[in-house]
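Here is the structure we will look at.
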Amino acid sequence: MDRANGVTILAPSNQAFDRAGTSWSGLGEARVRPTLQYHILKRAIHTDSIARGQHLVAKTRLDLNITGGQPVILTKGPSGDVVFTSGFANRGTVVQENIPFDDGFVQIIDSVLRVPEGFEATTQNAYTDMSAFLGALHATGLIDEINAAKDVTIFAPHNEAFQKLYPVFEKMSLSELKRVIRYHIVPGAVVHSWEFGNGTYLEASDKTAIAITRHDHSTFANSAQFLQTDILISNGVVQMIDNCLSPNASKARPDIRLSKQPPVLSLEPYSPPTPTAPSFPCAGDDCSDTDSEVSTGTQSMATKAEKDVAVPRYGGISNAGLGLGLMLGAVFAL
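Just so you know, we're using the UniProt record's numbering here: the sequence shown kicks off at 1 and counts up by one.
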């Protein structure tokens, strides 16, 4: 136990174990241990120290694939309920709180938390609206790159965004499609929705910047709006977005007059529209309330300097013109 910071034990109630049934009793020893480690937080948390409406990331004693330990997300609702979110969107609500012991506190919760799994398992079992993006990862051979990465943030377009752009994807070469898909992946940074600062930038795996804009209660990556946030996976976090990103349209920003932003991905160079009235929320040095960077712990998650840069498993890709088109046809039919 870390006596300096203390610990918090998230202890499922007896009823929680009963409800878990074979999903718990059927676990082998190799999975029981990491599951128990995932229920121990590396700091003592008293629920009275959490403000209503606050979210925070709590690192657990399961040290695997994410720097500092696999996280759970703690949320205190408007009514004061404290909820811990884990893999596959499994949530445990505190039913008996702040039981003290020598090293910290025990919080009794009403569910057995789920250790986050990889992007593929998470998509197939809990978030099927990302299945087209998963299919594209397989079609381009990037799924292994994703699986091997550590500390990643993924901007995953939902299925509709992929399907409506099928004619564009069909005309792309394999290298072009790989570049587009890599632009949705930010390595070395696990950034949760409340940590994104307005006017900040993240560097995608192709070294092109992704701009973050916040307006009212909405968050955008370039001009793609967040649909579902903070999906925990074994090596990072996924933010589901409503449009595909394009490295050729890294300067795209949302037009706040529109309820839905138009797609920016095409085979032609991106030309930003000229609005007839002010339409862009501030992003950059002109914002008086802009956060200069997003950070968790000591690791910087964003940089102010933008760089200018004009579910089925598939086998190998050969003859990447027709072959890629045929495979993508299956992907976007999901």
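We treat Cβ as the ideally placed atom computed from N, Cα and C, and that holds for glycine.
Rounded to a whole number of angstroms, what is the C-alpha to C-alpha distance between residue i and residue j?
| i | j | result |
| --- | --- | --- |
| Asn222 | Gln228 | 16 Å |
| Gln261 | Ser246 | 14 Å |
| Trp194 | Ala126 | 22 Å |
| Ile108 | Lys207 | 44 Å |
| Glu145 | Ser79 | 42 Å |
| Ile231 | Gly188 | 17 Å |
| Val7 | Phe17 | 22 Å |
| Val115 | Ser234 | 8 Å |
| Leu27 | Val95 | 25 Å |
| Leu10 | Asp103 | 13 Å |
| His215 | Ala30 | 45 Å |
| Lys251 | Asp110 | 45 Å |
Is residue i close to chain B? Criterion is C-beta to C-beta, closer than 8 Å.
| i | result |
| --- | --- |
| Glu97 | Protein chains in the displayed structure number just one, and chain B is not present. |
Grouping DSSP H, G and I as helix and E and B as strand, with all else coil, what is residue i?
| i | result |
| --- | --- |
| Ala16 | helix |
| Ala126 | coil |
| Ala136 | helix |
| Val152 | strand |
| Pro157 | strand |
| Lys178 | helix |
| Phe101 | strand |
| Thr8 | strand |
| Thr75 | strand |
| Thr208 | coil |
| Ser23 | helix |
| Ala44 | coil |
| Gly92 | strand |
| Asp286 | Any answer about Asp286 is weak, because its pLDDT of 40 lies below 50 and its placement is not dependable; what the coordinates show is given next. Three-state result, Asp286: coil. |
By the DSSP assignment, the beta strand (DSSP E) with residue i in it spans what residues?
| i | result |
| --- | --- |
| Asp230 | Ala224 to Ile233 |
| Gln239 | Gly236 to Ile241 |
| Glu203 | Tyr201 to Glu203 |
Using the rule of at least 16 other Cβ atoms within 10 Å of the residue's Cβ for burial, across every protein chain shown, is residue i buried or exposed?
| i | result |
| --- | --- |
| Glu120 | buried |
| Asn248 | buried |
| Leu113 | buried |
| Pro12 | buried |
| Pro269 | Residue confidence for Pro269 is low, a pLDDT of 49 falling below 50, so the modelled location carries little weight; the figure read from the coordinates is stated next. Pro269 is exposed by the Cβ-count criterion. |
| Pro100 | exposed |
| Ala178 | One point to set straight first is that residue 178 is Lys, not Ala, in the sequence displayed. With 16 or more other Cβ atoms within 10 Å, it is buried. |
With residue i as the anchor, note down where its alpha helix (DSSP H) starts and where it stops.
| i | result |
| --- | --- |
| Glu29 | Glu29 to Gln37 |
| Glu170 | Tyr166 to Glu170 |
Does at least one heavy atom of the ligand COA sit under 7 Å from the Cβ of residue i?
| i | result |
| --- | --- |
| Leu177 | No copy of the ligand COA occurs in the structure displayed, which carries no ligand at all. |
Handout entry: contact_flag[the segment 29–40, the segment 119–139] where n(CB pairs < 8 Å) is 3 or more
Key = The segment 29–40 is not in contact with the segment 119–139.
Handout entry: Sufficient close CB pairs (3 or more, under 8 Å) joining the segment 135–143 to the segment 48–62
Key = With the cut-off at 8 Å, the segment 135–143 and the segment 48–62 do not touch.
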